[in-house]
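K.L.:
Under mature numbering (1 follows the signal peptide of the UniProt record, and there is no 0), the residues of the sequence shown are numbered -19 to -1, 1 to 81, in order. Glycine included, each C-beta is placed from N, C-alpha and C at the ideal position. Everything numeric in this text was worked out from a predicted model, so none of it was measured.
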Amino acid sequence: SRKISNTWLSTGWFTMTIALELCDRINVYGMVPPDFCSKDPNHPSVPYHYYEPFGPDECTMYLSHERGRKGSHHRFITEKRVFKNWARTFNIHFFQPDWR
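1. What residue range is occupied by the uninterrupted alpha helix (DSSP H) comprising residue 74?
2. Using the three-state DSSP reduction, which class does residue 63 fall into: helix, strand or coil?
3. Which of the three DSSP states is assigned to residue 46 in this structure?
4. When you measure from the CB of residue 44 to every non-hydrogen atom of the ligand ADP, does any distance come out below 8 Å?
5. Buried or exposed: which applies to residue -2, given that a residue is buried once 16 or more other Cβ atoms fall within 10 Å of its Cβ?
6. Measuring alpha carbon to alpha carbon, tell me which of 72, 65 and 69 ends up nearest residue 12.
7. Kindly indicate the opening and closing residues of the alpha helix (DSSP H) around residue -8.
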């Protein structure tokens, strides 16, 4: 449950579920794959929020939320794993970066 896990679903999750209901094909741009932060530790640092150029980078934010046990968090990496599994069944395609 959300209360036990201290997490809640992201707007990306809700957007994806709505798109699955409304669209025959879903093209997703700008969402990194679930293994992005662990696959290449030398990837360029990108701010999590465009309006905070000196704020936490994308991987720092994803990993802190994924591992967080106190407070409220999104499980971004877990959600991306689910999206990757859904793409095997539904007509979902990931671009920039490509998830293949």
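P.N.:
Here's the rundown:
1. Residue 74 -> not in any alpha helix (DSSP H); beta strand (DSSP E) instead, spanning 73 to 76.
2. Assignment of residue 63 by DSSP, reduced to helix, strand and coil, places it in the helix class.
3. Secondary structure at residue 46: helix, using DSSP grouped into helix, strand and coil.
4. This structure does not include the ligand ADP; it has no bound ligands of any sort.
5. Answer is exposed; the Cβ neighbour count stays below 16.
6. Proximity to residue 12 across 72, 65 and 69 peaks at 65, based on C-alpha coordinates.
7. Segment -9 to 3, the alpha helix (DSSP H) holding residue -8.
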